[in-house]
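Chains as they are written, first to last, in the working numbering: chain V, 1 to 293; chain U, 1 to 293; chain S, 1 to 293; chain C, 1 to 293.
No residue lacks a Cβ here, since even glycine has one placed at the ideal position from N, Cα and C.
First the structure, in the form of structure tokens, and then the observations on it.
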């Protein structure tokens, strides 16, 4: 078939920087986290609370998401909050609870790092390092993430163009770490009904331009738990390699993001729903479950 | 289940204006266009060229989309173009070709009206009146559309909030016409890779706030034909009641929007793909086909 | 002096469409409205209420802005309102009050037209036709404005790029009317403290690209009367050829935009303040005052 | 005078966080940097190259801006660049050249810090710490800046709301450092003619909400040197307490931002121009010049 007039289809890859560019590496990058593969045929589900608030909250939520079908546990120990007077996370204590939750459920753990000085400590506890949206342009932090030997879940900044995002990812790869998962989590627009505008078109664009896996965070992308199911299904239909969703054992008591956190039973239903979408596009959910200790 | 803390779930409907508000009318509005129902269980496919360029182009494309599974034919006779020196549409001649295409295929027709003075003329030829994105705030035009007795396909402005959009729809309903189909077609953001940012989250938001059906235009929403399949599938997964997609018999020769127009064979494949997504969410495509004359 | 590396300084004009382009016409276009010149050395002040609400309100406000130093009276008879249930303007009755105010003060009048069918009527009453922000993409209306022989005050759309804006202006000029005044009135961004974000950089950009005069509307551009003085001074300092500001004899009772309307005494102070800025950049205010009848 | 209906005039201050809030401290904060006062009656001019590129470039530019009327010298030793393959700054070598330039001209120096680990080193060399736009949400860095005893020039993020910006500033003050200068430097919008959209309305808003001084960076705010004079004059007219402008001895050879850097002779003219604007609003430029060693 002829190519489209003026379509920059062929140029997409070429405008991405070198190491993240699909023209440099044609095959999809598949990242192996304790046996869970991100970027392969199977769709990966990351779930857990926004923040680690206390031992009981984390363990209870971890067991719930394990039972519901999650493959990886999320939870923040260091929280970037708009106000200095909001809950800032438990720090190392939170990291310890995450370790305990991993032991209890067998689920690998992802948690955010915000400061170059914390990188080593966080790496000692986590299976995947998360670099959050507000840190997308924290280049010293990206370089440190590039030097460590853990996979990096790297969120798009809420004001970042695709071009800036891929250049920022290149900072990580150029330091020697190519285990990077891209994550669309909503961009800032004029619309105020939703917390952010989830840019699902970024999925096919990023996958054409780069070989890196792409997941979606519908919780931050919408800001409302009742919108999460529709947007999660849409993300899978658009080709996402996984989702990262906030679940809390008691959303009404959450210290952050309660409004966008699913109840455990809502999460169970969500997994059932997206399994059907996955099948409809010829993919499946990841059913390799770690056995509970 | 308890409601979420701070969730404005319950308030959504109440902030919409009166007649479009789901609290005023709990049941989904279903619009019947020559037997094709928009807003019911079945998903409706509207397809055709951006502009009616000549008789041959339209008839050929109309037959192709009919064969491929379209339920309604689109085509512009009056075109809002950025430059006064670009092709402005064939005017009434284009409307006549649309009538001819309807006779040949049995497909109902949707075409845009831009001027209050053209309303009567356009209504004489079309089955559905389209009010385009650039006219969303053309209140005299909305009032005229409210006075005529044709269904209205009403596109969201490319920088309109949900709130403004529903208030604009209220202009149509308040004049006595409740046969309105809402259409998300992408909003303007800072991102430049795509022509617009398709705001799929508008689908569940609009469906919760209003009883009106909601469709999606992935062609304008992305600006690139290669992005249309992924975003169409995502739109269906997110709950859209239908899609409107640009198809051209010869995209390379199109006088407008060639870059975002599908080839007929791409459209055939698209319909197959979205049928699977429809089934995955418990809906189906509209297979009540008119018989060719 | 050498030109800057990569600066598109030289290209600015060339990307504008033909008739609005400064390369087509090097000299500034100066528009003469009953002896008031817009686009010359002197800075023009347009003032008056958002909407004509009744005879007394308009006449009282008109006399106040006349005394305060306004050169042209503004007032809307047809109002584009977000909701169909808000005050929509007095229509022809409002136009008659504007005529009366002109007789009483000698001030030329500017008022908005929204519908192609109203163009002739509005032209019979007004000295300058205003095309509002929401109508920037109403191409049939622009063509009608191009056919009439009145100056056009043409506002930038709140979502329009400079490029789209100049192409829309070209619609007016290409129909034979080159008496067009451009008006920056704020664009939509993510910021919510102000009603819009006043893009003052549009002034030097438009003046370099085009020969048309450029004025600024700080009332809509900010949405708050207390911000109007600072932004008016900034607009003059940035090179605006005039300002259009909302003044109401009783802002607390205004049927629209009361929050952003100045009290008459605030307007008096504003004129004094901007006179100093005008002098600082080598310009002056327009002191050719019409004599009261 | 009565207050405006619905005006949130009275509420502005109250929505800002505690320590930055003008309700907490009614008087303007004035920051004293080696005798140069920022936030007082006099307007402060900060000038210099985007990046310190080499000894000769810095010293030559420093002398030029000193002669032209600058009060403080700017220059980046650590540069946040979109691509990892762009010039990243000279690091400590650059800091040493800044020290040398201070000795030669007597001008205090401002330079950016990007990494918590560099804070102590940078503090040893600079008079004012700059936290750049991309670091506005780098909360660990803000806390470190709050612990040191140097004034902080704190830039608004390019997609930060006023609310987020003031909350981020609160991070610095809450650690004990109230010597913070706010800086508007352009926000990201859909417009592509300019690098960013300079939000001059932020000046009066920030000054009403907070007691902190506010300056403007017209170089990043526009991205083009030919736009700098107009927007600098506008910034002063709108009430800015100072400006920060990029000047390079050889803009065509600049390793970064050459397109937006002024030639020394353009800077000389700029200072003359803004002096007139300053007088027009009852302020003056800072003429306390340090004597050359």
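Chain S contacts from the region 99-128 of chain U (Cβ-Cβ distance under 7 Å):
114, 115, 116, 117
If you measure between the beta carbons of residue 17 of chain U and residue 170 of chain U, is that distance less than 8 Å?
Numbered from its first residue, the second chain carries residue 17 of chain U at position 17. Numbered from its first residue, the second chain carries residue 170 of chain U at position 170. For residue 17 of chain U and residue 170 of chain U, yes; Cβs fall inside 8 Å.
Hey, how far is the Cα of residue 285 of chain U from the Cα of residue 67 of chain U?
Within the second chain, residue 285 of chain U is the residue found at index 285, counting from 1. Within the second chain, residue 67 of chain U is the residue found at index 67, counting from 1. Using only the alpha carbons, I get a separation of about 14 Å.
For residue 188 of chain C, which residues in chain U fall below 8 Å Cβ to Cβ?
Taking the fourth chain and counting its residues from 1, the one referred to as residue 188 of chain C is at position 188. Neighbours of residue 188 of chain C on chain U, chain order: 190.
Starting from residue 124 of chain U, follow the alpha helix (DSSP H) in both directions and report where the run begins and ends.
As a first step, residue 124 of chain U must be located in the second chain, where it is residue number 124. Residue 124 of chain U -> alpha helix (DSSP H) spans 119-125.
is_contact[residue 183 of chain U, chain V] using C-beta, thresh 8 Å:
Translated into positions along the second chain, residue 183 of chain U becomes position 183. So, not an interface residue.
With 8 Å as the threshold, decide whether the Cβ of residue 48 of chain V is near any Cβ in chain U.
To locate residue 48 of chain V, count along the first chain from 1; it is residue 48. Not closer than 8 Å to any Cβ of chain U, the Cβ of residue 48 of chain V fails to qualify, so no.
Could you check the C-alpha separation between residue 168 of chain V and residue 22 of chain C for me, to the nearest Å?
The sequence position of residue 168 of chain V within the first chain is 168, counting from 1. The sequence position of residue 22 of chain C within the fourth chain is 22, counting from 1. So the alpha carbons of these two residues sit roughly 38 Å apart.
Any beta carbon from chain S within less than 8 Å of residue 170 of chain U's own beta carbon?
Translated into the one-based positions of the second chain, residue 170 of chain U becomes position 170. It does; some Cβ of chain S falls within 8 Å.
Check whether the region 147-155 of chain U and the region 60-76 of chain S are in contact - that is, three or more C-beta pairs closer than 8 Å.
no
Hey, could you find the ends of the beta strand (DSSP E) residue 277 of chain U is sitting in?
Locating residue 277 of chain U in the second chain gives position 277, where the first residue counts as 1. Counting along the chain, residue 277 of chain U falls outside any beta strand (DSSP E), though it belongs to the alpha helix (DSSP H) covering 264-280.
Against residue 197 of chain V, what residues of chain C qualify as contacts under a CB-to-CB distance less than 9 Å, listed in chain order?
Numbered from 1 along the first chain, position 197 holds the residue referred to as residue 197 of chain V. Residues of chain C passing the Cβ test: none, with the nearest at roughly 12 Å.
Which class does residue 197 of chain C belong to by DSSP, given the choice of helix, strand or coil?
Looking up residue 197 of chain C in the fourth chain gives position 197. Here residue 197 of chain C sits in strand by DSSP.
Compare the C-alpha of residue 312 of chain V against each of C/230, C/58, C/200, C/89 and name the closest.
The structure shown does not extend to residue 312 of chain V, since chain V spans only 1 to 293, so no value can be given for it.
Three or more C-beta pairs below 8 Å linking the region 244-258 of chain S and the region 209-225 of chain C:
no
Check residue 155 of chain V in the structure and name its three-state DSSP category.
As a first step, residue 155 of chain V is located in the first chain; it is residue number 155 there, counting from the start. The answer is strand: DSSP assigns residue 155 of chain V an E or B state.
Taking only the alpha-carbon atoms, compute the straight-line gap between residue 220 of chain C and residue 187 of chain V and give it to the nearest angstrom.
Locating residue 220 of chain C in the fourth chain gives position 220, counting from the first residue. Locating residue 187 of chain V in the first chain gives position 187, counting from the first residue. Each residue's Cα considered, the two are about 22 Å apart.
What residues are listed by DSSP as bridge partners for residue 150 of chain U?
For the purposes of this step, residue 150 of chain U is taken as the residue at position 150 of the second chain. None, per the DSSP bridge assignment.
If you drop the 5 nearest sequence neighbours on each side, which residues of the same chain put their C-beta closer than 6 Å to that of residue 29 of chain V?
Here residue 29 of chain V is taken as the residue at index 29 of the first chain, counted from 1. Only 39, 211, 212 meet the Cβ criterion.
Could you tell me the boundaries of the alpha helix (DSSP H) in which residue 324 of chain U lies?
For residue 324 of chain U there is no data in the structure shown, the boundaries of chain U being 1 and 293.
What is the rounded straight-line gap between the Cα of residue 166 of chain C and the Cα of residue 112 of chain C?
Indexing the fourth chain from 1 puts residue 166 of chain C at position 166. Indexing the fourth chain from 1 puts residue 112 of chain C at position 112. The straight-line gap from Cα to Cα measures roughly 19 Å.
What is the DSSP secondary structure of residue 69 of chain U, reduced to helix, strand or coil?
Your numbering for residue 69 of chain U matches position 69 in the second chain. In the structure shown, residue 69 of chain U sits in coil (DSSP, three-state: anything other than H, G, I, E or B).
Since residue 239 of chain U meets chain V, which of its residues come closer than 8 Å, beta carbon to beta carbon?
Within the second chain, numbered from 1, the residue matching residue 239 of chain U stands at position 239. Within chain V, the residues near residue 239 of chain U are 230.
Name, please, each residue of chain U whose Cβ falls closer than 7 Å to the Cβ of residue 71 of chain S.
Here residue 71 of chain S refers to the residue found at position 71 when the third chain is read from its first residue. By Cβ distance, chain U contributes nothing, its closest Cβ being about 29 Å from residue 71 of chain S, past 7 Å.
Within-8 Å CB hit, residue 92 of chain C to chain V
Taking the fourth chain and counting its residues from 1, one reaches residue 92 of chain C at position 92. It does not; no Cβ of chain V falls within 8 Å.
Go through the region 39-107 of chain U residue by residue and report every complete run of the beta strand (DSSP E) that reaches 3 residues or more, in order.
42-48, 72-74
What does DSSP give as the partner residues of residue 244 of chain S in its beta bridges?
Against the third chain, residue 244 of chain S aligns to sequence position 244. According to DSSP, which records beta bridges pairwise, residue 244 of chain S is partnered with S/46.
Buried or exposed by the 16-neighbour rule on C-beta atoms within 10 Å, applied to residue 261 of chain S
As a position in the third chain, residue 261 of chain S is number 261, starting the count at 1. Buried, since its Cβ has 16 or more Cβ neighbours within 10 Å.
Could you tell me which chain S residues have their CB closer than 7 Å to the CB of residue 82 of chain U, listed as they occur along the chain?
As a first step, residue 82 of chain U must be located in the second chain, where it is residue number 82. 164, 167, listed in chain order.
What does the alpha-carbon distance come out to for the pair residue 280 of chain C and residue 230 of chain V?
Residue mapping note: residue 280 of chain C aligns to position 280 of the fourth chain, counting from 1. Residue mapping note: residue 230 of chain V aligns to position 230 of the first chain, counting from 1. So the alpha carbons of these two residues sit roughly 57 Å apart.
Close-in-space but distant-in-sequence residues of the same chain around residue 204 of chain U (CB under 7 Å, 5 per side omitted):
Within the second chain, numbered from 1, the residue matching residue 204 of chain U stands at position 204. Counting only Cβ-Cβ distances below 7 Å, and skipping sequence neighbours, we find 238, 239.
Is DSSP giving residue 182 of chain U helix, strand or coil here?
The count along the second chain starts at 1 and reaches residue 182 of chain U at position 182. Three-state DSSP puts residue 182 of chain U in a strand.
Taking DSSP's pairing of strands, which residues face residue 210 of chain C in a bridge?
For the purposes of this step, residue 210 of chain C is taken as the residue at position 210 of the fourth chain. Its beta-bridge partners are C/21.
Quick check: the Cα distance between residue 106 of chain V and residue 73 of chain C, rounded to an integer number of angstroms?
Here residue 106 of chain V refers to the residue found at position 106 of the first chain. Here residue 73 of chain C refers to the residue found at position 73 of the fourth chain. Going from the Cα of residue 106 of chain V to the Cα of residue 73 of chain C covers about 56 Å.
When you compare the CB positions of residue 198 of chain S and residue 201 of chain C, do they come within less than 8 Å of one another, or not?
Indexing the third chain from 1 puts residue 198 of chain S at position 198. Indexing the fourth chain from 1 puts residue 201 of chain C at position 201. Going by C-beta atoms, residue 198 of chain S is nearer than 8 Å to residue 201 of chain C.
Using a Cβ-Cβ cut-off of 8 Å, state whether residue 13 of chain U counts as contacting chain C.
Taking the first residue of the second chain as position 1, residue 13 of chain U is located at position 13. Because the pLDDT at residue 13 of chain U is just 45, under 50, the model does not fix this residue reliably, and the value given afterwards should be weighed accordingly. So, not an interface residue.
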